[in-house]
Amino acid sequence: MAKGISKERSPANAIILTTEAHLSANAQTSWPHRFIGGALCLDFVNTIDLPGTPKERNLLADYDALIAWSVARGAMPTATAEKLLRLAKAAPTEAGNVLADALALRGTIRQLAETAQTHGELSPLLPSINAHLAHLTFPPRLLSREPGGASYDLPGQNLAEPLWPVLWTLSTLLVSDDLGKLGSCHAHDCQAIFIDHTNNRSRIWCASDLCGNRERVRRAYRAKQVKGTSPDSR
Ligand SMILES: [Zn+2]
């Protein structure tokens, strides 16, 4: 599904990818970022760059972007996306409310992920998640995916559907051993969150061929500068 990898740097944790998630003519037709979270709900968290900083960049600027992300991430079929985009066009206020809900949920999941990394107390954050879960009236339904595996099917009848796979995967993550394996990228300008599946918890980059390379170059440059200004080098 993904193709066309280039080395162009984009704000967060991303090598540019081009997807074949073709939607309506008005919708975004590609999602230009790599999915590195290891869980759908973490890739959802990583749709904001540098949250809480002056360089913050929200990749989900509107409902269409939320749909484009969902298709590219395999969270919904293209046919569902097209139905939801038509619904959103007819009910823009409701679509805006869903987007606001989605962004609030994203913030809560980030808080959960950051708290879990420090083995902190999750209980203050769970009522918000439980409130979202209480609105789910549709059980997960699966479609086979070529060449293997499965992806979520969704009916395309409720504007809130993009949130459902996020919540399904989040509830699975929160009760799994993977919760104790969460990590964050160590690059100075990246806060991507991921599941660290290495044996000794040694993963420090969202992507070693992107943040890893970039940070190594940055550190080497800084070390050279420091050496160049030291008395010994004069
Ligand atoms: Zn990174």
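Mapping to the numbering used here: the sequence shown position 13 is 13, numbers consecutive.
All residues carry an ideal CB built from backbone N, CA and C; glycine is no exception.
In the DSSP assignment, find the beta strand (DSSP E) that holds residue i and state where it starts and stops.
| i | result |
| --- | --- |
| residue 195 | 193-195 |
| residue 184 | 182-184 |
Using CA coordinates, which residue listed in the options is at the minimum distance from residue i?
| i | options | result |
| --- | --- | --- |
| residue 86 | 157, 111, 165, 162 | 157 |
| residue 136 | 146, 154, 40, 209 | 154 |
| residue 37 | 227, 146, 124, 109 | 109 |
| residue 40 | 91, 106, 80 | 106 |
| residue 46 | 214, 219, 218, 207 | 207 |
| residue 180 | 114, 104, 99, 78 | 114 |
| residue 80 | 144, 204, 162 | 162 |
| residue 141 | 205, 177, 164 | 164 |
| residue 196 | 116, 100, 111 | 116 |
| residue 192 | 102, 211, 198 | 211 |
| residue 66 | 91, 50, 49, 31 | 31 |
| residue 64 | 102, 55, 54, 42 | 102 |
| residue 124 | 228, 225, 111, 194 | 111 |
| residue 42 | 178, 217, 119 | 178 |
| residue 150 | 100, 77, 82 | 77 |
| residue 175 | 122, 147, 55 | 122 |
| residue 51 | 68, 82, 104 | 104 |
May I ask which residues mark the beginning and end of the alpha helix (DSSP H) holding residue i?
| i | result |
| --- | --- |
| residue 88 | 78-90 |
Would you please state the rounded distance, in angstroms, between the beta carbons of residue i and residue j? I believe it to be under 8 Å.
| i | j | result |
| --- | --- | --- |
| residue 44 | residue 166 | 5 Å |
| residue 183 | residue 214 | About 18 Å separates the two Cβ atoms, so there is no contact after all. |
| residue 88 | residue 143 | Contact doesn't hold; Cβ gap of about 22 Å is too wide. |
Complete runs of the beta strand (DSSP E) confined to the segment 116-170 [at least 3 residues]: 141-144, 150-153
Any 3 or more C-beta pairs closer than 8 Å across the segment 57-66 and the segment 180-189: no
Length at least 4, wholly inside the segment 38-63: the alpha helix (DSSP H) runs in chain order: 40-45
The segment 117-132 / the segment 164-184 touching (three or more Cβ pairs under 8 Å): yes
Validate contact between the segment 72-80 and the segment 94-105 using beta carbons, cut 8 Å, 3 pairs: no
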